[in-house]
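> Residue numbers for the sequence shown follow numbering that gives the first Met the number 0, so the first one is 0 and each next one is one higher.
No residue lacks a Cβ here, since even glycine has one placed at the ideal position from N, Cα and C.
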Amino acid sequence: MTQIGIEFKNVIKRYGDSRSALVVKGISFEVPKGSLTTILGPSGCGKTTTLRMMAGLESPSGGQIFIDGRDVTHLGPAERNVSMVFQSYALFPHMSVIENVGYGLSVSGVKPDEALERAHKAMAAVGLTGYDDRLPSELSGGQQQRVAVARALVLEPSVLLFDEPLSNLDARLRRSMREEIRGLQQRLGLTVAYVTHDQSEALAVSDQIIVMDQGVIAQAGTPSDLYERPSSEFVAGFMGEAMLFPGEALPDGTLQVGSLRLKALHPIKPGPIKAAIRPEAWTIGGPGEDGLSGVISKQAYLGSVYELTVDTGLGSIFVVSPDIDRSWKVGDAATLRLPARGISVVPA
């Protein structure tokens with residue numbers, strides 16, 4: 000039986016009095032122990048407030064929060080055995096790396112020798128052995144991120160929380176750090192809740208993704224569930240910038256979208272549907288081929304891909320094509336096709 004690391008039961012949050020609008024509107028979910036759950040959504044959806052309620056930095060206006068089966072709804076941060084890594088890292092600039100990492104232990108009354116040993120162990124876990132005496136100002140952004148993670152790990156928390164941990168890093172470092180966080184979580188069997196607005200980050204690190212929209216959970220599931228089986232237009236559009244096209248599910252199991260006859264990824268009842276098609280799903284060829292005819296109205300070369308806008312009978316379609324051997328210019332005629340793998344469908 001799967002143990003539950005974090006559980007929310009009908010949790011609400013409002014700032015101000017009872018007449019104030021709800022920021023979080025009665026959400027319920029579970030984070031299995033030893034797994035990584037990402038809370039994903041646009042700015043203002045309630046994801047950071049949800050994380051802060053896990054940490055005890057905000058009190059819910061209603062509902063219950065459990066950590067490792069214990070009701071922590073009304074407990075403060077120090078009583079929850081939870082550590083949080085902030086977006087800004089929040090390192091003490093006048094303290095060395097080892098002092099930053101061991102700070103939580105020293106203020107908790109842990110003996111200096113034990114605190115030093117545990118701090119070194121946490122630093123080794125994040126690849127910072129030998130950095131004891133450096134100041135945060137002498138570290139790169141990625142190294143500062145590791146110090147913040149080590150400082151959280153040294154407290155041996157039941158739950159580790161990340162608030163937009165990679166948003167201050169450049170693209171290459173962001174990719175390597177998310178791999179490190181995921182590897183650390185899996186190696187140490189940590190229960191992690193992770194907030195981000197970046198869909199690719201969420202897909203890369205998560206066992207479970209919870210998509211929030213305007214204070215409610217729009218959908219929760221595995222990365223493949225949300226990517227391949229979006230339950231609403233909002234989720235389809237948010238997970239990978241899918242465009243939605245009206246169409247019809249036919250009795251033979253295929254989809255009619257404009258002049259295209261497509262295959263659905265999953266069985267669907269006959270009737271009106273909306274096909275969720277992502278920019279990278281299209282393949283693009285020259286004029287006169289089988290498929291959807293169009294004309295290129297915008298073109299951008301990004302090194303590894305072309306970003307193209309193709310005006311078609313279905314409207315303007317945004318396409319990401321890895322075929323950089325073929326050069327495209329505005330005004331070129333083109334044909335769009337979709338592979339046989341199948342298309343995600345959202346009920347109309």
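1) Looking at the structure shown, is Phe-85 part of a helix, part of a strand, or coil, going by DSSP?
2) Roughly how many angstroms separate the alpha carbons of Glu-179 and Ala-332, rounded to a whole number?
3) Mark Val-106 as exposed unless 16 or more other C-beta atoms lie within 10 angstroms of its C-beta, in which case mark it buried.
4) Of the residues Pro-250, Arg-181, Thr-253 and Glu-232, which one's Cα is nearest the Cα of Leu-243?
5) If you count every other CB in all the chains shown that lies within 10 Å of the CB of Ala-235, and 16 or more means buried, which is it?
6) Using the rule of at least 16 other Cβ atoms within 10 Å of the residue's Cβ for burial, across every protein chain shown, is Tyr-14 buried or exposed?
7) Only counting runs of 4 or more residues, tell me where the alpha helix (DSSP H) segments fall wholly within the segment 81–141, in order along the chain.
8) Would you report the Cα separation of Ala-229 and Gln-207, rounded to the nearest angstrom?
9) Would you kindly check if the distance between the Cβ of Ser-292 and the Cβ of Val-304 is under 9 Å?
10) Run through DSSP, which three-state label would Thr-311 get?
11) Taking just the CA atoms, how far does Gln-213 sit from Gly-43?
12) For the structure I just gave you, are there three or more beta carbon pairs, one from the segment 113–120 and one from the segment 185–198, closer than 8 Å?
13) Going by beta carbon distance, what residues of the same chain come within less than 8 Å of Gly-141, once the five residues before and after it are set aside?
14) Would you give the residue range spanned by the alpha helix (DSSP H) that Arg-348 belongs to?
15) Is it true that the segment 213–223 meets the segment 8–27, where meeting means three or more beta-carbon pairs spaced less than 8 Å apart?
With the structure as the only source:
1) Sequence index remark: in the sequence shown, residue 85 carries index 86 (1-based). It is coil, neither helix nor strand.
2) Taking the sequence shown and counting its residues from 1, the one referred to as residue 179 is at position 180. Taking the sequence shown and counting its residues from 1, the one referred to as residue 332 is at position 333. Straight-line Cα distance between these residues: approximately 44 Å.
3) In the sequence shown, residue 106 corresponds to position 107, counting from 1. Label assigned to Val-106: exposed.
4) Mapped onto the sequence shown, residue 243 falls at position 244. Nearest C-alpha to Leu-243: Glu-232.
5) As a working note, residue 235 is residue 236 in the sequence shown. It is buried - the Cβ of Ala-235 has at least 16 other Cβ atoms within 10 Å.
6) Taking the sequence shown and counting its residues from 1, the one referred to as residue 14 is at position 15. So Tyr-14 counts as exposed.
7) 96–106 and 111–124
8) What you label residue 229 is simply residue 230 of the sequence shown in a count that begins at 1. What you label residue 207 is simply residue 208 of the sequence shown in a count that begins at 1. Ala is not the amino acid found at residue 229; the sequence shown has Pro there. In a straight line, the C-alpha of Pro-229 is about 14 Å away from that of Gln-207.
9) As a working mapping, residue 304 is identified with position 305 in the sequence shown. As a working mapping, residue 292 is identified with position 293 in the sequence shown. Going by C-beta atoms, Val-304 is not nearer than 9 Å to Ser-292.
10) Mapped onto the sequence shown, residue 311 falls at position 312. Residue state, collapsed to three classes: strand.
11) Residue 43 sits at position 44 when you count from the first residue of the sequence shown. Residue 213 sits at position 214 when you count from the first residue of the sequence shown. Between Gly-43 and Gln-213, the C-alpha separation is close to 7 Å.
12) no
13) Mapped onto the sequence shown, residue 141 falls at position 142. Counting only Cβ-Cβ distances below 8 Å, and skipping sequence neighbours, we find Leu-168, Leu-172, Ser-175 and Met-176.
14) Past the boundaries of the shown model lies residue 348; the chain is included only from 0 to 347, so the question cannot be answered.
15) yes
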